[in-house]
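> Quick one: structure below, then a few questions.
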Amino acid sequence: MIFSKYNQLQKVPYLILLPNEVLAEICENLSPVDLYSLASTSKKLRNFLWSNSTITQQIWRNSRRLYFPQYKSQPLKDMSEQKYIYLAALAKKCQFCDEKDSRKLKKYWEFQVYSCECCIQKRIVSHKSLLKKHKISEDVLSTCLSFGEQGYFVPDVLTAQLEYSKTLDKFSWVTHKQLDVIQQKCRIISILLDEFHADNFFCNKEIIQN
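What follows is the structure, encoded as structure tokens:
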């Protein structure tokens with residue numbers, strides 16, 4: 003029923019003339035894959051389905067809960083529902099080099115990327131190197147997420163460094179950002195627990211079936 007509904011949507015030329023509230027009602031039962039496909043059919047639908055508006059985020063949230071109920075946790079701070087479900091369940095290749103071998107790929111929730119080992123290593127720098135070689139302050143690094151001992155994602159560090167240089171009340175900025183890091187870590191743990199429980203469920207299901 004849902005697939006036939008999606009197929010009908012693609013064939014209706016006046017769909018793009020409908021108000022967003024009606025579009026939201028039409029899209030409410032579509033899967034994330036269908037939503038991604040629908041977004042590629044016209045500029046209006048792309049703008050609507052890629053928006054960060056409340057109504058669009060609710061569409062994607064409902065779709066995630068319906069089709070990927072194992073992901074119960076909230077997205078990371080400042081992470082859209084679109085990016086959340088893509089990284090959680092839909093990404094199939096390295097976003098930097100297009101590597102498709104799943105054995106070489108990994109989700110890096112700390113950096114919000116899906117990458118192969120080779121590409122991620124080119125984009126992270128150790129804590130020591132950032133302090134000594136690149137002269138990034140400890141204050142700035144304390145506001146960025148790291149991937150354990152391996153290091154920090156360079157784009158995140160550069161963004162933090164730029165914000166830090168522009169702010170007048172540096173103490174308040176650092177304190178606020180440090181609290182954000184704590185919140186992000188808690189959400190990452192929650193997401194990883196979702197994935198752990200889902201993996202256990204499917205493993206147990208296979209054992210029972212065999």
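Letter by letter, the sequence shown follows residues 3 to 212 of the working numbering.
Ideal placement from N, C-alpha and C gives every residue a C-beta, glycine not left out.
1. In the DSSP output, what is LYS108 paired with across the bridge?
2. Would DSSP call SER144 helix, strand or coil?
3. Give the DSSP-derived three-state secondary structure of MET3 in the structure shown.
4. Name the two residues that bound the continuous alpha helix (DSSP H) containing TYR69.
5. Considering only C-alpha positions, which residue in the set ASP80, ALA41 and ILE87 is nearest to ARG63?
6. Taking buried to mean at least 16 other C-beta atoms within 10 Å of its own C-beta, is PRO21 buried or exposed?
7. In chain order, what residues of the same chain lie with their CB nearer than 6 Å to the CB of ALA200, ignoring the 5 residues before and after it?
8. What is the DSSP secondary structure of LYS207, reduced to helix, strand or coil?
9. Checking 8 Å against the spacing of the C-beta atoms, do CYS121 and CYS146 come in under that value?
10. Within the chosen definition, does the region 147-161 reach the region 111-128 through at least 3 CB pairs nearer than 8 Å?
11. Identify which residue in PHE70, GLN84 and ASP36 has its Cα closest to the Cα of THR56.
12. Count the other CB atoms, across all protein chains shown, that sit within 10 Å of the CB of ARG48; report buried if there are 16 or more and exposed otherwise.
13. What did DSSP end up calling TYR88 once you bin it into helix, strand or coil?
14. Using the three-state DSSP reduction, which class does PHE173 fall into: helix, strand or coil?
Well, looking at it:
1. DSSP lists SER117 as partners of LYS108.
2. coil
3. Low local confidence applies: a pLDDT of 45 at MET3 is under 50, so the model's placement there is unreliable, and no value is given.
4. 56-69
5. Residue ILE87 is the option with its Cα nearest to ARG63.
6. exposed
7. The answer, listed in chain order, is GLN72.
8. Low confidence applies here, because LYS207 scores a pLDDT of 46, under 50, leaving its location unreliable and the question unanswered by this model.
9. no
10. yes
11. GLN84
12. exposed
13. helix
14. helix
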